[in-house]
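Per the UniProt record's numbering, the sequence shown starts with residue 1, numbered consecutively.
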Amino acid sequence: MNSVILLLGYMGISIIGIASYFLGVFHHFGLISLLNQLVNTYTPSQWQVFRLPRWVRNFLALCYHAVVLGCHMIAIHDVLPYIEQDKTSSSINMAALMYHMWLIHTLFYLMCVLTDPGIITPSNCKSLCRIYKYDGVLYAPSAVCSTCNNAKPPRSKHCSVCNKCVHRFDHHCMWINCCIGAFNYRHFIGILVTGIIMCCNGLLITLRFFNTIYQTRKLYAYKYIDSYGQKQPLSGIVLAQYQFYHFPRPFLLACTLLLLAGLLIVFTAYHLLLISKNKTTNEVYKLEKAEVSQRLKSEGYYNRGILSNILEVVAPPSSAV
Ligand SMILES: [Zn+2]
Ligand SMILES: [Zn+2]
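Below you can see the structure in the form of structure tokens.
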């Protein structure tokens, strides 16, 4: 009965998690602007900007913390005691890596949310305007933000969630509830990379746990009786059912880590590709909507070669060189 309740709870959280993930993705790819148009068409002018309610944004950020904390709690409470029994150097290293990565991941998270992403103010606006050149397609020298009343530096964008203009704006991350701009993009990449290491290491630890169970309980010697009354060796599916029935939390942990690792690898690969071409998520989205001739004109405008592009993310220029 406990397993059924746990499974239902897990499915509920997964559905909410996946739905909110896609909500986050669609935010970057136009759902919000579509809703903007609908809202602007049918509502009075004082409601011009559509924003997700604060509680939804806080809920998504809470989901992120709940997943990180929940996975570690299950690993520490249910999985590690079995792993540490075998006392081999690899299992001890895996457990040590788990704690170290958790710490480094948390430090990247704190640096990301505590660092100013590049908020444009009247005092820094002029110097930020000189860092990049205007490409004349996405960014025009005469542009002024109608909300902040500041000139728009090249590669900046007004974030409708934070209600501020951000220098080299990439996107507003719903999961950590902050803007990703010029000065915290490197920390954001750190969050993603350490997240992948955490998921893969956690997955290996969990698989080792199931292998320990398999060996110590001598599951390879078990047989089950099929519908014809014949004894059969345990198949992979029957073994998985056994593990889920006896160890539901580690089993669900493995499923979660597999899902998260897949999503994070795809998302990180996308961002590494953007870094190599010196593009932002915002620019990709904007160029997709531009005409073909304009797109060709702007394509590769800020690309300075792969090494310089990487250096620009690691050590973003804060004034014109
Ligand atoms: Zn603005
Ligand atoms: Zn923002």
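Backbone N, C-alpha and C fix where the C-beta goes; we use that ideal spot for every residue, glycine too. Fair warning: this is a prediction, and the values are worked out from it, not measured in the lab.
Beta-bridge pairing of residue i - partner residues as DSSP gives them
i: C159; result: K164
i: I119; result: V166
i: A75; result: For A75, which the question treats as bridged, DSSP gives no partner whatsoever.
i: A261; result: Paired residue(s): none; A261 is not in a bridge.
i: A240; result: Paired residues: none, contrary to the question.
Neighbourhood of residue i by C-beta, 8 Å cutoff - its chain only, sequence neighbours within 5 removed
i: C214; result: Note that residue 214 is Tyr in the sequence shown, not Cys. The answer, listed in chain order, is Y220 and L239.
i: L264; result: L192, G195, I196 and C199
i: Y82; result: F209, T212 and I213
i: W175; result: G24, L60, A61, C63 and Y64
i: I275; result: I189, N309, I310 and V313
i: I92; result: E84
i: M101; result: T194, I197, M198 and N201
Proximity to residue i [Cα-Cα], best of the options
i: V193; options: L296, V266 and S318; result: V266
i: A315; options: Y185, V284, M94 and Y132; result: Y185
i: P154; options: M174, K126 and C173; result: K126
i: residue 343; options: I119, T280, L203 and K289; result: Outside the modelled stretch of the chain, which goes from 1 to 321, sits residue 343, for which no answer is possible.
i: C129; options: R168, K164, K277 and Q230; result: R168
i: F210; options: K231, L253 and I176; result: L253
i: C71; options: C179, A261, Y139 and L273; result: A261
i: V56; options: N177, V137 and K133; result: N177
i: E299; options: E288, L307 and A143; result: E288
i: L272; options: L307, V79 and Q294; result: L307
i: G118; options: N282, V67, I180 and G229; result: I180
i: N303; options: V284, N278 and Y285; result: N278
i: N58; options: S90, L204 and C173; result: C173
i: D170; options: L103, S156, M94 and I225; result: S156
i: H105; options: G305, V166 and L69; result: L69
i: G236; options: S123, L103, Y222 and N163; result: Y222
i: T121; options: N149, T88 and A95; result: N149
i: L207; options: T147, D226, Y224 and F247; result: F247
i: N90; options: L234, G229, T256 and L204; result: The sequence shown places Ser at residue 90, rather than the Asn named in the question. Out of L234, G229, T256 and L204, L204 has the C-alpha closest to the C-alpha of S90.
i: D78; options: A95, V113 and A66; result: A95
i: T147; options: T88, C162, E291 and M101; result: C162
i: M98; options: G202, S142 and K133; result: G202
DSSP three-state assignment for residue i, whether helix, strand or coil
i: K223; result: strand
i: A140; result: coil
i: A182; result: coil
i: residue 334; result: The structure shown does not extend to residue 334, since the chain is modelled only from 1 to 321, so the question has no answer here.
i: I131; result: coil
i: K297; result: helix
i: Q232; result: strand
i: A66; result: helix
i: A151; result: strand
i: C173; result: strand
i: P316; result: coil
i: K87; result: coil
i: R304; result: coil
i: R217; result: coil
i: residue 331; result: The structure shown does not extend to residue 331, since the chain spans only 1 to 321, so no value can be given for it.
i: N124; result: coil
i: F267; result: helix
i: F247; result: coil
i: C145; result: coil
Residue i: CB within 7 Å of a non-hydrogen atom of ligand 3
i: H187; result: Although ligand 3 was asked about, the structure shown includes only ligand 1 and ligand 2 as ligands.
Same chain only: Cβ atoms within 7 Å of residue i, ignoring 5 sequence neighbours per side
i: D116; result: F183
i: T268; result: L192, V193 and I196
i: Y301; result: D135
i: E283; result: L138
i: K297; result: V137
i: H28; result: Model confidence at H28 stands at a pLDDT of 46, short of 50, so the residue's coordinates are unreliable; what they give is reported in the following sentence. For H28, where only same-chain residues beyond five positions count, the Cβ hits under 7 Å are H171, T281 and Y285.
Proximal residues to residue i (C-beta, below 6 Å), its chain only, five neighbours per side dropped
i: V49; result: A caution first: V49 carries a pLDDT of 42, below 50, which makes its placement in the model unreliable, though a value can still be read off. Excluding positions up to five away in sequence, the list reads S160.
i: V144; result: A151
i: F244; result: F251
i: R249; result: I74 and D78
i: Q294; result: V137
Cβ of residue i within 8 Å of any chain D Cβ
i: G181; result: Reference to chain D is not applicable here, since this structure consists of a single protein chain.
Residues near ligand 1, criterion Cβ-heavy atom distance below 5 Å: C145, T147, C148, H158 and C165
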